[in-house]
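Going by mature numbering (1 follows the signal peptide of the UniProt record, and there is no 0), the letters in the sequence shown line up with residues -25 to -1, 1 to 107, in that order.
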Amino acid sequence: MPRYIHSALAALVVAGQLSVPVAQAAASDYILVLVETTYPFGSGAVLEVRLIDTRTNAPVEGAVIFATRLDMAPDGMETMTSPVLALPGDEPGLYRFSADLTMDGNWRFSVAAKVQGEVETVQAQIVIEVQP
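Pasting the structure below:
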């Protein structure tokens, strides 16, 4: 094949790659929503969080939840924490966690997720009300 044909083909490939827009979502295209925000005081509370793509309102499966924290920051006690344990999910886009709610009041549940194929991290801080 003549050299000029190779050069022309290479130029077409590069031009084609430059002209194809890459659609990528932002973290703001997703939302983490706690299913229930009021819980009774005690051990073994199950916190269920839905990860939703706001562009389609569809649940997002296969995200990696890599940071969770439960503390009483809303009531001025950020150092009052409770461990959070991941549980198996039973439906698409639903992520479950177990925690001991050791004091009544307002708790902050912080969670971060990586959605497959997305660069940005989806984060949320959700207030939970714990009642006696």
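C-beta atoms are modelled at their ideal positions from N, C-alpha and C, and glycine is treated no differently.
Computed from a predicted model, the values in this text were never measured in an experiment.
From residue i to residue j, what distance separates their C-alpha atoms?
i, j, result
"GLN91", "GLN100", "21 Å"
"TYR14", "ALA48", "17 Å"
"MET52", "LEU60", "21 Å"
"VAL24", "SER18", "18 Å"
"MET78", "ASP50", "11 Å"
"ALA(-3)", "PHE16", "Any reading at ALA(-3) is ruled out, since the residue's pLDDT is 46, under 50, leaving its predicted position unreliable."
"ASP46", "ALA20", "14 Å"
"SER57", "PRO63", "19 Å"
"THR29", "GLU93", "14 Å"
Short check: CB of residue i to CB of residue j, under 8 Å?
i, j, result
"GLY68", "LEU26", "yes"
"VAL39", "ALA88", "yes"
"GLU95", "ALA2", "yes"
Compare the C-alpha of residue i against each of the options and name the closest.
i, options, result
"GLN106", "LYS89, ALA87, ALA88 and ASN81", "ASN81"
"THR31", "ARG44, THR96 and TYR5", "TYR5"
"MET55", "PHE41, TYR70, LEU76 and THR29", "LEU76"
"PHE84", "ASP28, GLU93 and GLN98", "GLN98"
"residue 126", "ALA1, PRO34, THR29 and THR12", "The structure shown does not extend to residue 126, since the chain is modelled only from -25 through 107, so no value can be given for it."
"THR43", "GLU66, ALA74, ASP65 and THR29", "ALA74"
"GLU36", "ASP65, PHE72 and SER57", "ASP65"
Could you tell me whether any Cβ in chain D is nearer than 8 Å to the Cβ of residue i?
i, result
"ILE103", "This model lacks chain D altogether; it includes just one protein chain."
Between residue i and the ligand COA, is there a pair consisting of the residue's CB and a ligand heavy atom that are separated by less than 7 Å?
i, result
"ASN81", "Looking for the ligand COA in the displayed structure turns up nothing, as the structure carries no ligands at all."
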